[in-house]
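Below is one structure, written out as structure tokens; the observations come after it.
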Amino acid sequence: MRLQFSPSMRSITVSTSNGFIDFMKVKVGARHISYRTLFHTILFLAFLLPFVFILTAVVTLEGVNNCSSLDCLGRTWGPRLLGRVDTSEKRLVSDLYKIFNQVSSEEIPDGLKLPDSFTQLVTEMKDNHYDAKTFAFILRAMMDKFEKEIRESKFSELMNKHFAASSIPKGIHCLSLRLTDEYSSNVHARNQLPPPELLPLLSDNTYQHFVLSTDNILAASVVVSSAVQSSLNPEKIVFHVITDKKTYAGMHSWFALHPVYPATIEVKGTHHFDYLTRENVPVLEAVENQEGIRNYYHGNHVSGTNHTDTTPRIFASKLLVRSPKYISLLNHLRMYIPQLFPKLDKVVFLDDDVVIQRDLSRLWDVDLEGKVNGAVETCKGDDEWVMSKRFKIYFNFSHPLVATHLDPNECPWAYGMNIFDLRAWRKSNITETYHWWLRENLKSNLTLWRLGTLPPALIAFRGHIHPIEPSWHMLGLGYQNKTNIENVKKAAVIHYNGQSKPWLQIGFEHLRPFWTKYVNYSNDFIRNCHILES
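Here the sequence shown is numbered in this note's numbering, starting from 8 and rising by one per residue.
Next up, the structure:
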């Protein structure tokens, strides 16, 4: 490489030793360039040209396939930065799309060995030199296999959750047994409830009467305690607790040994009501004795189930209504409150999975405008799982009897916290309508609705519902863990409807404290049964 200056110093030529190459020529006008500028130009060229030579040599030695030098990186990324992408990449993606589409419509070859992980897949590809189509088949088969395993796992989880929700925790069973034993051995556990001097309050309509039907002693204690502690006038509260014959002694013992002063409490068993006879409740006997219903609630929920034809969410909703509690007489008693309490005019009915967080006195001032049932509607709200229901999710509208009498888009309402005007109820035919539809469902081989107590009640109370504000009764704390905590804190009554009850291990941890705050874990019965605060 050499520099050549013209005699007049008006041009400079750069050439290589292999021959003249007009690599760079600088023409200099005599009047327009100084010697200082010429000196700087020569100095710059002397510094730059060795680097140009070295880079040219490196690229020649590397070839076009290797890409470790700065120049190669520039040639690779330069077009991308300028918006010019190599079309070979587009062709590669297009070819992959074609192969995947082809593979998706063909049968997976028999005997195709599938790797257990992505790392193993990569290793086998290197060792066996798979072509693109074989790779696509293996990838599809792996995804099908994993998807099937995930679905099966999800369905198994739902079944296990169903069994857990339907069972009685050991600690709660222990509590019932110990309190029953206490009833027989401790005279104080058999004290009359309420005391004789308070008996007139049981039919005094100037008091606030709550009705609770349950065989869960711990849950009953939380409902009563939360109502009394949240009330501004607890001395005006009268609780009517109804339980079954086997739980009566334990339930009575609990409230006799743990009075809820200044409130009044009555505990009665179903065997104490003269009205609950086969003559007055014929349909319930048929429901309990019908073999098809027993199999529906107590049979094998997995046998014959085709998981490919359903989704986990639909399967979960079907399991919810298969709880054995739905064929318990206690669950149907709400339909006979006017007959069980003939002297009362107005009551608030509570489920055993609720917690009262505010004073409910104003419920007795709600004007039901001649209606029977003050309830929260479940078709209006942001919660898609709990508050967006319609009749069509409860009833079989392919059946002509249902299609003729009901509107699929009618808005349902919720049990759990209901204001019942018993005087208006006694003037209606609600109970008779309830019985008629239960008989029709039996005649139709249980095909009119998903079994449970709510669907026939939705029909029986049609035209008798007075909607109340949703803030009185917040639902869904046993369905999902996405419940808004701030809304929970503001609600007057929170309802753990669903499988995840707060007294079960499957209850949601962040929602359980709203319930456990009303459990006295220092109590001897609770402590000895190892019902521990979680």
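For each residue, glycine too, the CB sits at the ideal point set by N, CA and C.
Cβ neighbours of residue i in the same chain (closer than 6 Å, five flanking residues each side left out)
i: N223; result: D359
i: F107; result: A143
i: L375; result: G381, D428 and H473
i: W5; result: This structure cannot settle anything about residue 5, because the visible part of the chain is limited to 8 through 541.
i: L103; result: none
Check whether residue i and residue j have beta carbons under 9 Å apart
i: G514; j: H502; result: no
i: I272; j: P349; result: no
i: A263; j: F246; result: no
i: L351; j: Y282; result: no
i: V288; j: L336; result: yes
i: V354; j: L429; result: yes
i: A464; j: Y441; result: yes
i: W479; j: V500; result: yes
i: I115; j: F144; result: yes
i: L186; j: W261; result: yes
i: P477; j: M394; result: yes
i: P176; j: Q512; result: yes
i: D251; j: T277; result: yes
i: N504; j: G423; result: yes
i: W510; j: I179; result: yes
i: F125; j: F217; result: no
i: L128; j: M149; result: yes
i: N491; j: H517; result: no
i: C181; j: N452; result: no
i: P345; j: R433; result: yes
Three-state secondary structure (DSSP) of residue i
i: Q487; result: coil
i: S124; result: coil
i: Q215; result: strand
i: H517; result: coil
i: P415; result: coil
i: F356; result: strand
i: P474; result: strand
i: W456; result: strand
i: I157; result: helix
i: M424; result: strand
i: M258; result: helix
i: H502; result: strand
i: F280; result: coil
i: M150; result: helix
i: M394; result: coil
i: F404; result: coil
i: V110; result: helix
i: K133; result: helix
i: H180; result: helix
i: E376; result: coil
Contact set for residue i: own chain, Cβ-Cβ below 8 Å, skip 5 residues either direction
i: V526; result: L225, S228, V229, I533, I538 and E540
i: K1; result: As shown, the chain starts at 8 and ends at 541. That puts residue 1 outside it, with no answer to give.
i: Y190; result: A196, R197, A256, G257, H259 and S260
i: S368; result: Q215, S238, L239, N240 and K243
Bridge-paired residues (DSSP) for residue i
i: A263; result: Partner(s): none; A263 has no beta bridge.
i: T271; result: V245
i: S220; result: I249
i: A382; result: P474
i: H195; result: Paired residues: none, contrary to the question.
i: I363; result: V500
i: M481; result: I501
Same chain, Cβ closer than 7 Å to residue i, five either side skipped, listed in chain order
i: V437; result: Note that residue 437 corresponds to Ile in the displayed sequence, not to Val. Correct list, in chain order: V379, A467, F468 and H471.
i: G377; result: A431
i: L455; result: F402, N403, H406, L408, V409, E447 and N448
i: D366; result: S237, S238 and L239
i: S220; result: I249, L337, L340 and R341
i: S183; result: I224, T254 and G257
i: V110; result: K140, A143, F144 and R147
i: K396; result: T385, C386 and P419
i: V231; result: F246, V267 and I272
i: L370; result: V355 and I426
Cutoff 9 Å: residue i Cβ touching any chain B Cβ
i: D117; result: The chain labelled as chain B is not found in the depicted structure, where only one protein chain is given.
Contact belief for residue i with residue j at Cβ below 8 Å, rounded distance in angstroms
i: C386; j: P415; result: Contact doesn't hold; Cβ gap of about 12 Å is too wide.
i: S233; j: V383; result: That pair is no contact at about 18 Å.
i: Q199; j: I244; result: Contact flag wrong, Cβ pair sits at about 19 Å.
Distance cut-off 8 Å: residue i Cβ against heavy atoms of the ligand HEM
i: H216; result: Ligands in the displayed structure: none, and consequently the ligand HEM is not present.
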